[in-house]
Structures are given as structure tokens and as C-alpha cells.
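Structure record follows, encoded as C-alpha cells.
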Amino acid sequence: MSARKLKETAVKKQKTNKPKKEKANGNIEEVTAAEISGTSADNKETASAEEDLLEKERIRAQNMEDRFLRVNAEFENYKKRMIRESSDRLKYFHLDFIKELLPSLDNLERAISHAKSEN
């Protein structure tokens with residue numbers, strides 16, 4: 015078929031495929047332009063409601079992302095703090111151990127000096 019014939023058949027199909035509405039008694043009537051505009055108003059309301067819902071979900075997603083980033087940063091800080099505290103414990107463990115040994119060493123030195131003075 016040529017392009018012109020295709021176009022003509024498409025126009026004929028559009029004319030014959032007008033929206034129809036069935037009445038309660040079984041007769042079919044064509045849908046008027048007013049009814050179509052009424053449905054377009056419903057579509058606008060639906061679109062507006064969908065946009066509102068979409069905006070709420072975007073805000074919720076942003077809040078969740080922000081919360082995730084904050085918790086992740088807090089966890090990273092916790093890991094660094096634990097590593098630092100662990101290394102500090104190892105570093106200062108020797109100091110605590112030496113402080114506990116000092117009185118014993120003093121007593122040992124006194125005992126040795128006393129033993130030497132008796133000989």
C-alpha cells in the first residue's frame with residue numbers, strides 16, 4: 015500500500031473507533047466531549063496525587079540516604095576509636111605493669127642491701 019492509502023485507512027479507523035458508552039437499557043451512545051474532559055480532570059487529579067506521592071517518596075529516600083550516611087560515618091568513627099584504644103592499651107600496658115612491679119623491686123633491693131650489710 016502507498017503511504018496515502020495507509021493514512022486514509024488510519025483516519026477511517028479513528029472515526030469508527032470513537033469511544034462508546036453503554037446505557038442501562040442496552041443502547042450504545044457515543045461519549046461526549048464533556049465526559050471526556052471530565053475524565054481528563056480526573057486524570058489531572060490522579061496525576062497530581064501521583065506527583066505528590068512521588069515527591070513524598072523522594073523525600074523519604076533522601077532521608078533514608080542521609081540516615082544511612084550518618085550511621086555509616088558513625089560506624090567508621092567507632093572502628094577507628096576501637097583501633098586507637100586497643101593500641102593505647104598495648105602501649106600503656108607496660109607502664110601499668112612496671113608501676114605494679116616497682117614496690118616489689120624496692121623491697122627486693124632493700125632485702126639485697128640488708129643481706130650485704132649483714133655479711
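Everything in the sequence shown is counted per our numbering, starting at 15 for the first residue and increasing by one. Here a beta-carbon is modelled for each residue, glycine too, at the ideal position from N, C-alpha and C.
Check                                                                             : Outcome
8 Å Cβ shell around Ser100 - same chain, five flanking residues per side excluded : none
Alpha-carbon to alpha-carbon, Ser118 and Asp102                                   : 25 Å
Alpha-carbon spacing of Arg81 relative to Asp66, whole angstroms                  : 22 Å
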